[in-house]
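Protein chains in written order, with my numbering: chain B, 1 to 112; chain S, 113 to 225.
Don't be surprised by glycine CBs; every beta carbon is placed ideally from N, CA and C.
Working notes for the structure below.
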C-alpha cells in the first residue's frame, strides 16, 4: 500500500518554465490538497479537491492550477515559474474533510 | 490572516526536560489534530481529539482539547532526541461543510543530549 506518492522529489526550474507536480493516492480518498511549506510559514494551502471534478482555491492559489479528473490523481501545475515559488510542496489526501491527512514525501522545487 | 496560532515557534530543550506547545484558533473547531514532521520529512498524523475537554495520552505525549474547542496543547514529558521535529496542530472549523484543515505554523523542537 503506497499511500500518497509525489513525483518528482526534486526539481530545478528556470524562471518562466512550466511544469506539473504529480500526486497519486491509492486509498480511495475523496479529499486531496496541495500545500507549500516555507521556513517559518508552516503549511499553506494552495488548492484542494473534495472529489473528482471538484476543486477550490486555498490561501495561496496564484500561479498554480489544479484539476481532478480521477479520484486517485491530483496534479499541480505551475504555469510560469517564479523564484517566489521556490518551496517544498506537499500533497495530502484524507477520507473526508476534517479527517486525518496522509502526506506525500514532498517535492523540493527551486526556481532560478 | 493567520487563523490558527501556535506558540512557541521554536523550543530548545535538553534531553530529559519537558516540552509544551500551544495551539489557539480564532474559531471553534470540530476537532483538533496534531502532526509531527521530522527534519527533511513530511508531516505525520499523531492524534485527533474531538470532544470538548478531551485528554489523550500516547506514552510520554499528552494532548488536550480545550473546553471551548478553540485551543489545544501537546506536552512531552522527559524529551528524548527522537522527539526532534516540528509539531503542527490543525483543525476544521465547526460547521464547515468542506472540512478544510487550518494548520498552525508549527513549533520546532530541538533536543540536545
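Nearest residue (CA-CA) to residue i, options the options
i: residue 141/S; options: 125/S, 175/S, 179/S, 133/S; result: 179/S
i: residue 62/S; options: 136/S, 204/S, 131/S; result: Since the first and last residues shown for chain S are 113 and 225, residue 62/S lies out of range.
i: residue 224/S; options: 193/S, 211/S, 166/S; result: 193/S
i: residue 163/S; options: 211/S, 177/S, 214/S; result: 177/S
i: residue 64/B; options: 52/B, 19/B, 5/B; result: 19/B
i: residue 83/B; options: 108/B, 74/B, 25/B; result: 108/B
Interface flag, residue i vs chain B, CB-CB below 8 Å
i: residue 155/S; result: yes
i: residue 150/S; result: no
i: residue 212/S; result: yes
i: residue 177/S; result: no
i: residue 142/S; result: yes
Identity of the residues DSSP links to residue i by a beta bridge
i: residue 106/B; result: DSSP lists no partner for residue 106/B.
i: residue 168/S; result: 175/S
i: residue 65/B; result: 77/B
i: residue 154/S; result: Note: residue 154/S sits in no beta bridge, so no partner.
i: residue 36/B; result: 44/B, 89/B
i: residue 101/B; result: 94/B
i: residue 133/S; result: 186/S
i: residue 124/S; result: 222/S
Residue-level contact to chain S via CB, residue i, 8 Å cutoff
i: residue 100/B; result: yes
i: residue 43/B; result: yes
i: residue 64/B; result: no
i: residue 106/B; result: yes
i: residue 112/B; result: no
i: residue 97/B; result: yes
i: residue 89/B; result: no
i: residue 103/B; result: yes
Three-way DSSP call (helix, strand, coil) for residue i in this model
i: residue 87/B; result: strand
i: residue 20/B; result: strand
i: residue 195/S; result: helix
i: residue 60/B; result: coil
i: residue 51/B; result: strand
i: residue 139/S; result: coil
i: residue 70/B; result: coil
Limits of the unbroken beta strand (DSSP E) element including residue i
i: residue 11/B; result: 10-13
i: residue 149/S; result: 144-149
i: residue 206/S; result: Here residue 206/S belongs to no beta strand (DSSP E), and DSSP marks it neither H nor E.
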